[in-house]
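Chains as they are written, first to last, in the numbering used here: chain A, -2 to 209; chain B, 32 to 243.
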Amino acid sequence: MSTTIAGVEVPETAATAAATAFALEHTSQLIYDHSRRVFLFGSLRAAQLGLRPDPELLYVASLMHDTGLFTPYSREIQRFEVDGADHARALLLQNGFDTTAADVVWKAIALHTSPGIPSRMGPEIAATTYGVLLDALGIGLDDLDAAVVDEVVATHPRGDFKKGFLQAFVDGLADRPDTAYGTINADVLARFVPGYQRGSMVDRVLGSAWVA
Amino acid sequence: MQEIIADIEVPDTSLVRKATALVRAAADDLLFDHSRRVFLWGSLKSRKRGLDLDPELAYVGAMFHDLGLTATYGTRTRRFEIDGAETARSFLLERGRSAADAEKVWLAIALHTTPEVPHALAPEVAVVTLGVETDVLGLELDQITPAERAAVLAAHPRPDFKNRILRAFNDAMKDRPGTTFGTMNDDVLAHFDPDFARTDFVDVIRANAWPE
């Protein structure tokens, strides 16, 4: 028996069960609910835009997209987006998916904070970003029926989302602040972490090892 | 005639000659020489890492990566990286390369300012960022021998490169400032225009249409 929320069928497979379990175990309630909304909103926006993402891959990408914010999962100091992408790739390969499918989900997660790029890529990658844009930034909210939005939010409440979401970035990047350079994440650290120095590309160019 | 610089062969194919001609016609010496160096540094570093490259794809990725900074190929509606990526994809498809090959070059160009991600993708994607990071940021210059460095710079000199490339970035992006949000490119606009107001991710979260 499958679950349907706001008209979106939630796929129930070994891989989606594993992704759900991973997110519940390794993220907060706030991020878990956000991730479920990302799947639901991403599916709804994809349908509006005529995209046909594979629901299972979109689900895994959505549920795993912020898992890199939670440490310690990787001893590798890398962007949280890449960390989460690595978790998802490993989960899919363990569940019998081929590298092509795992690569799609890897890109969907690795690029979900890169403006202007994922929307030009494949349907699962684009839909993940549409879900994130809708739930985190409100982009596309007006394009959905209020009743649909209400059903999603009733199932997975936002709580004090804006505040909790920003705090999750601060906490998740505390041990790897340098990985925020050149991304939206630097804005969060600059606002909330005393003494954080946002690097500048201009300084990197002018101060590089080249003489001129 | 086969061209070899610093022991790197410039592929002697019709596609490569057309790519060179296209960039030569659109770009000034600054961007043309920079793009050639990106190919050469990227190829040298890829070889040292044991990465197996398709040289034609590496060449087109490197040569087209900054086409979005030129008057001919730059737009005002999207990130400059996408301008070059789209131009390269069309160029390759029109000349019989596969969609998968064109996709690699598209990613190489679209992601060349996205931290970390290109290094985790195919060699033809990573090569452009390896070259860009060498030429623009001077990263890991010690991996290039003095003889290699001298040969590349003799063929493609970099007079006052730091200042000139920053100006080129600014000139190409100041009329589409919104496209720099969440990327390192907004550092350049902030440097040249004291009145430039960087869009801040925290403000975007707080001000968006969601109430909480």
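Glycine included, each C-beta is placed from N, C-alpha and C at the ideal position. Fair warning: this is a prediction, and the values are worked out from it, not measured in the lab.
Determine the DSSP secondary structure at residue i, reduced to helix, strand or coil.
{"i": "Val91 of chain B", "result": "helix"}
{"i": "Val5 of chain A", "result": "strand"}
{"i": "Ile136 of chain A", "result": "coil"}
{"i": "Thr101 of chain B", "result": "coil"}
{"i": "Ile36 of chain B", "result": "strand"}
{"i": "Val41 of chain B", "result": "strand"}
{"i": "Thr10 of chain A", "result": "coil"}
{"i": "Thr0 of chain A", "result": "strand"}
{"i": "Asn92 of chain A", "result": "coil"}
{"i": "Val208 of chain A", "result": "coil"}
{"i": "Phe212 of chain B", "result": "coil"}
{"i": "Glu171 of chain B", "result": "coil"}
{"i": "Leu53 of chain B", "result": "helix"}
{"i": "Ile74 of chain A", "result": "coil"}
{"i": "Leu71 of chain B", "result": "helix"}
{"i": "Asn239 of chain B", "result": "coil"}
{"i": "Gly161 of chain A", "result": "helix"}
{"i": "Leu60 of chain A", "result": "helix"}
{"i": "Arg42 of chain A", "result": "helix"}
{"i": "Ala228 of chain B", "result": "coil"}
{"i": "Gln26 of chain A", "result": "helix"}
{"i": "Ala58 of chain B", "result": "coil"}
List, in chain order, every chain A residue whose beta-carbon is nearer than 7 Å to that of residue i.
{"i": "Thr210 of chain B", "result": "Gly113"}
{"i": "Ala253 of chain B", "result": "As displayed, chain B neither begins before 32 nor continues past 243, which places residue 253 of chain B out of reach and without an answer."}
{"i": "Ile39 of chain B", "result": "Ordered by position in chain A, no residue passes the 7 Å Cβ test against Ile39 of chain B, which lies about 20 Å from the chain."}
Ignore the nearest five residues each way along the sequence and tell me which others in residue i's own chain have a CB closer than 8 Å to its CB.
{"i": "Pro225 of chain B", "result": "none"}
{"i": "Val167 of chain A", "result": "Val185, Leu186, Phe189 and Val190"}
{"i": "Ser40 of chain A", "result": "Val5, Pro50, Pro52, Leu55, Ala124 and Gly128"}
Could you pull out every residue in the same chain whose Cβ sits closer than 7 Å to the Cβ of residue i, ignoring the five residues on either side in sequence?
{"i": "Tyr193 of chain A", "result": "Pro174, Leu186 and Ala187"}
{"i": "Ala177 of chain A", "result": "Leu170, Ala183 and Leu186"}
{"i": "Glu179 of chain B", "result": "Ala37 and Leu75"}
{"i": "Asp166 of chain B", "result": "His65, Arg68, Val69 and Trp72"}
{"i": "Ala16 of chain A", "result": "Tyr56, Val57, Leu60, Met61 and Leu88"}
{"i": "Thr118 of chain B", "result": "Phe95, Leu98 and Tyr104"}
{"i": "Pro188 of chain B", "result": "Asp64"}
{"i": "Lys79 of chain B", "result": "Gln174"}
{"i": "Ala199 of chain B", "result": "Leu61, Leu62 and Leu100"}
Just to make sure I have the definition right: I need the residues of chain B whose C-beta is within less than 7 Å of the C-beta of residue i. Which are they?
{"i": "Thr180 of chain A", "result": "Pro146 and Gly213"}
{"i": "Val199 of chain A", "result": "Leu197, Asp218, Val219 and His222"}
{"i": "Ala206 of chain A", "result": "Gly169 and Leu172"}
{"i": "Ala133 of chain A", "result": "Ile236"}
{"i": "Asp184 of chain A", "result": "Asp231, Phe232 and Val233"}
Between residue i and the rest of its own chain, which residues show a CB-CB distance below 6 Å, the 5 nearest in sequence each way excluded?
{"i": "Arg110 of chain B", "result": "Thr210"}
{"i": "Val149 of chain A", "result": "Ala3, Arg34 and Leu37"}
{"i": "Asn201 of chain B", "result": "Val219 and Phe223"}
{"i": "Arg207 of chain B", "result": "Arg107"}
{"i": "Ala153 of chain B", "result": "Lys135"}
{"i": "Val7 of chain A", "result": "Thr0"}
{"i": "Thr230 of chain B", "result": "Phe212"}
{"i": "Glu34 of chain B", "result": "Val41"}
{"i": "Ile114 of chain A", "result": "Leu108"}
{"i": "Pro86 of chain B", "result": "Pro42"}
Note down, in chain order, every chain A residue with its Cβ under 8 Å from the Cβ of residue i.
{"i": "Glu87 of chain B", "result": "Those do not exist, as Glu87 of chain B stays about 22 Å from chain A at its closest Cβ, beyond 8 Å."}
{"i": "Glu243 of chain B", "result": "Arg155, Gly156, Asp157, Phe158 and Lys159"}
{"i": "Ile175 of chain B", "result": "Those do not exist, as Ile175 of chain B stays about 11 Å from chain A at its closest Cβ, beyond 8 Å."}
{"i": "Arg110 of chain B", "result": "Pro112, Gly113 and Ile114"}
{"i": "Ala141 of chain B", "result": "Ile114 and Arg117"}
Note down, in chain order, every chain A residue with its Cβ under 9 Å from the Cβ of residue i.
{"i": "Asp246 of chain B", "result": "A question about residue 246 of chain B goes unanswered here, because the residues of chain B that appear run from 32 up to 243."}
{"i": "Pro228 of chain B", "result": "Just to set this straight, residue 228 of chain B is Ala in the shown sequence, not Pro. Near Ala228 of chain B there are no residues of chain A at all, since even the closest Cβ is about 13 Å away, more than 9 Å."}
{"i": "Ala178 of chain B", "result": "Result: empty, since nearest Cβ-Cβ is about 17 Å, beyond 9 Å."}
{"i": "Ala119 of chain B", "result": "Neighbours of Ala119 of chain B on chain A: none; closest Cβ ~13 Å, over 9 Å."}
{"i": "Ile113 of chain B", "result": "Gly113, Ile114 and Arg117"}
{"i": "Ala50 of chain B", "result": "Chain A residues near Ala50 of chain B: none, gap ~22 Å exceeds 9 Å."}
Can you pull the chain B neighbours of residue i, defined as C-beta to C-beta under 8 Å?
{"i": "Phe162 of chain A", "result": "Ile236"}
{"i": "Thr110 of chain A", "result": "Gly213"}
{"i": "Val190 of chain A", "result": "Neighbours of Val190 of chain A on chain B: none; closest Cβ ~12 Å, over 8 Å."}
{"i": "Val202 of chain A", "result": "Val167, Leu168, Lys193, Ile196 and Leu197"}
{"i": "Ala105 of chain A", "result": "Neighbours of Ala105 of chain A on chain B: none; closest Cβ ~12 Å, over 8 Å."}
If the cut is a Cβ gap below 9 Å, which residues of chain B does residue i touch?
{"i": "Leu138 of chain A", "result": "Asn239, Ala240 and Trp241"}
- [ ] Specify whether the stretch 5 to 17 of chain A and the stretch 89 to 103 of chain A touch according to this definition: at least 3 beta carbon pairs, one from each stretch, less than 8 Å apart.
- [x] yes
Open item on the list: As an exercise, report each continuous alpha helix (DSSP H) stretch of at least 4 residues that is fully enclosed by the stretch 100 to 151 of chain A, in chain order.
Closed with: 120 to 134
TODO: Go through the stretch 118 to 152 of chain B residue by residue and report every complete run of the alpha helix (DSSP H) that reaches 4 residues or more, in order.
DONE: 130 to 141
Task: Stretch-stretch touch, CB-based, cutoff 8 Å, three pairs: the stretch 165 to 182 of chain B with the stretch 134 to 151 of chain A - done: no
- [ ] Check whether the stretch 62 to 81 of chain A touches the stretch 104 to 120 of chain A, counting contact only when three or more Cβ pairs, one atom from each stretch, lie closer than 8 Å.
- [x] yes
Task: Contact the stretch 18 to 31 of chain A vs the stretch 114 to 121 of chain A: 3+ CB pairs below 8 Å - done: no
Open item on the list: Closer than 8 Å is the cut-off here; do at least three beta carbon pairs connect the stretch 179 to 195 of chain B with the stretch 35 to 55 of chain B?
Closed with: yes
Task: Residues, ordered as in the chain, of the stretch 71 to 94 of chain A that lie near chain E by beta-carbon distance below 7 Å - done: Here the protein chains are A and B, and chain E is not one of them.
TODO: Would you mind listing the alpha helix (DSSP H) stretches within the stretch 166 to 192 of chain A that are 4+ residues and don't spill past its ends, in chain order?
DONE: 182 to 189
Open item on the list: Taking contact to mean 3 or more Cβ pairs, one atom from each stretch, closer than 8 Å, check whether the stretch 183 to 197 of chain B and the stretch 48 to 57 of chain B are in contact.
Closed with: no
Open item on the list: Does the structure place the stretch 123 to 142 of chain B close enough to the stretch 124 to 137 of chain A that three or more beta carbon pairs sit under 8 Å?
Closed with: no
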